[in-house]
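Worksheet: one structure, shown below.
Number of protein chains: 2
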Amino acid sequence: MTIPTDDELATLGAAFETFARRYKLADALGPEKPLNELDKQTLLYIAEHPRCGPTDVARFLAVANTTISSATDRLVKQGLLGRHRPEGDRRAVALQLTADGEARARAYIAAHYELYRRMLGPLSPTERTSFIALITKIVHHED
Amino acid sequence: MTIPTDDELATLGAAFETFARRYKLADALGPEKPLNELDKQTLLYIAEHPRCGPTDVARFLAVANTTISSATDRLVKQGLLGRHRPEGDRRAVALQLTADGEARARAYIAAHYELYRRMLGPLSPTERTSFIALITKIVHHED
DNA sequence: ATTGAATAATCCGAACTTCGACATACTTCC
DNA sequence: GGAAGTATGTCGAAGTTCGGATTATTCAAT
Chain A
224 MTIPTDDELA TLGAAFETFA RRYKLADALG PEKPLNELDK QTLLYIAEHP
274 RCGPTDVARF LAVANTTISS ATDRLVKQGL LGRHRPEGDR RAVALQLTAD
324 GEARARAYIA AHYELYRRML GPLSPTERTS FIALITKIVH HED
Chain B
224 MTIPTDDELA TLGAAFETFA RRYKLADALG PEKPLNELDK QTLLYIAEHP
274 RCGPTDVARF LAVANTTISS ATDRLVKQGL LGRHRPEGDR RAVALQLTAD
324 GEARARAYIA AHYELYRRML GPLSPTERTS FIALITKIVH HED
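In order, the protein sequences belong to chains A and B. Just so you know, we're using our numbering here: the first sequence kicks off at 224 and counts up by one. Just so you know, we're using our numbering here: the second sequence kicks off at 224 and counts up by one.
Listed below in structure tokens is the structure:
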């Protein structure tokens, strides 16, 4: 493999910094008070993994179990999440979003999509396809 | 402007999520205790803007002034940063990294570069150039 | 069947972080 | 000289994360 030049790396780094700074979710979606980052990630994970347990979330987000316990507490308190004891294993807890929680998750996803649209805006359709292909290639590579 | 398809957006979103999760700085650089995110950003900003003031940092990082006050306190306490009263305006404070601070900043930058190298690894030289050009185009666009 | 280890989740308290209100020191502008 | 404005810091309240104990349940092995 040829080695990227320092120049290339510097350009990429500068681009990423601006990227991260500019394309930030404006989390003032409505009258509801915004969730902190962990709670948002938790909400989104549960949206995609209904009836998962706190430990699954903790592993995925790489935080302590007790931290997820706090996060789910906050989400329950805000009426976005329900905790249920499944029949099979009564030690466990199955997390599931309420209707409000689902709506909130959908709103976040919509906001993400809007962000992606803005990102892709400056690119032509060909460039867009190319960009998506390249980043997908980067991500799909195991290392 | 043609509109990106939902499919494209979904692919891009999935890629970004994996991207953010995978390419995360392992901040265990050495025997020193790792800096928290804000302190790291502060360190890097000061590295690039020597003799800047706390308010500059606060504006750039979009946090309260007192928060930067705490962050610089921590950095000073760890011997990475010095505060000086400039002659011109004695209300102000000029922030400047110590030798240790500079070394630490260089280490972070090196770690970033290493990360970028790993990212670009799966791409051919042509693809690499293309990717960097595309992301630069996205970022340079005013919207 | 019983007991002991393993597992899922939570409670509790310590440490840390962020930030708003207020305070302090200095500068600038009449 | 004094009022108003600017740069920064102090202090305390509120919120967050996490390790260590605790509770409840399941599993495994006798």
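Ideal Cβ placement from N, Cα and C applies to all residues, glycine included. No experiment lies behind these values; they were computed from the predicted model shown.
In angstroms, rounded to a whole number, what distance separates the CA positions of residue i and residue j?
i               : j               : result
L235 of chain A : R306 of chain A : 44 Å
T225 of chain B : V299 of chain A : 41 Å
E255 of chain A : A249 of chain A : 13 Å
V286 of chain A : D279 of chain A : 11 Å
A270 of chain B : S353 of chain B : 30 Å
S293 of chain A : L338 of chain A : 29 Å
L267 of chain B : D230 of chain A : 19 Å
V348 of chain B : T290 of chain B : Residue identity check: residue 348 of chain B is Pro in the sequence provided, not Val. Those two C-alpha atoms are separated by around 43 Å.
A333 of chain A : P227 of chain A : 36 Å
R209 of chain A : E310 of chain B : No information on residue 209 of chain A is available, as it lies outside the stretch 224 to 366 that chain A covers here.
R351 of chain B : K247 of chain A : 25 Å
L258 of chain A : F239 of chain B : 21 Å
E325 of chain B : K360 of chain A : 35 Å
R308 of chain B : V316 of chain A : 57 Å
R314 of chain B : M342 of chain A : 42 Å
G253 of chain B : G253 of chain A : 44 Å
Taking residue i as the reference, which of the options has the closest Cα?
i               : options                        : result
I358 of chain A : B:A328, B:G344, B:H364         : B:G344
A233 of chain B : A:I355, A:R245, A:D262         : A:I355
E365 of chain B : A:T228, A:R245, A:P227         : A:R245
D312 of chain B : B:K247, B:C275, B:R341         : B:C275
N288 of chain A : A:E310, A:E240, A:T265         : A:T265
A281 of chain B : B:G302, B:L318, B:R314         : B:L318
E260 of chain A : A:A315, A:Y331, A:E350, A:R341 : A:Y331
A237 of chain B : A:H335, A:K247, A:L258         : A:H335
G302 of chain A : A:R351, A:E240, A:K360, A:A328 : A:A328
Identify every residue that forms a DSSP beta bridge with residue i.
i               : result
R306 of chain A : A:L318
Which whole-angstrom value describes the C-beta separation of residue i and residue j, a residue pair presumed to lie in contact below a C-beta threshold of 8 Å?
i               : j               : result
T321 of chain A : L304 of chain A : 6 Å
P273 of chain B : T295 of chain B : P273 of chain B to T295 of chain B, Cβ: 14 Å. No contact.
V362 of chain A : F283 of chain B : With 8 Å as the limit, V362 of chain A and F283 of chain B do not qualify as a contact, their Cβ atoms being about 29 Å apart.
D262 of chain B : R297 of chain B : 6 Å
Given the structure, does residue i come close to the ligand ATP, in the sense that its CB is under 8 Å from one of the ligand's heavy atoms?
i               : result
H364 of chain B : The ligand content of the structure shown is nil, which means the ligand ATP is not present either.
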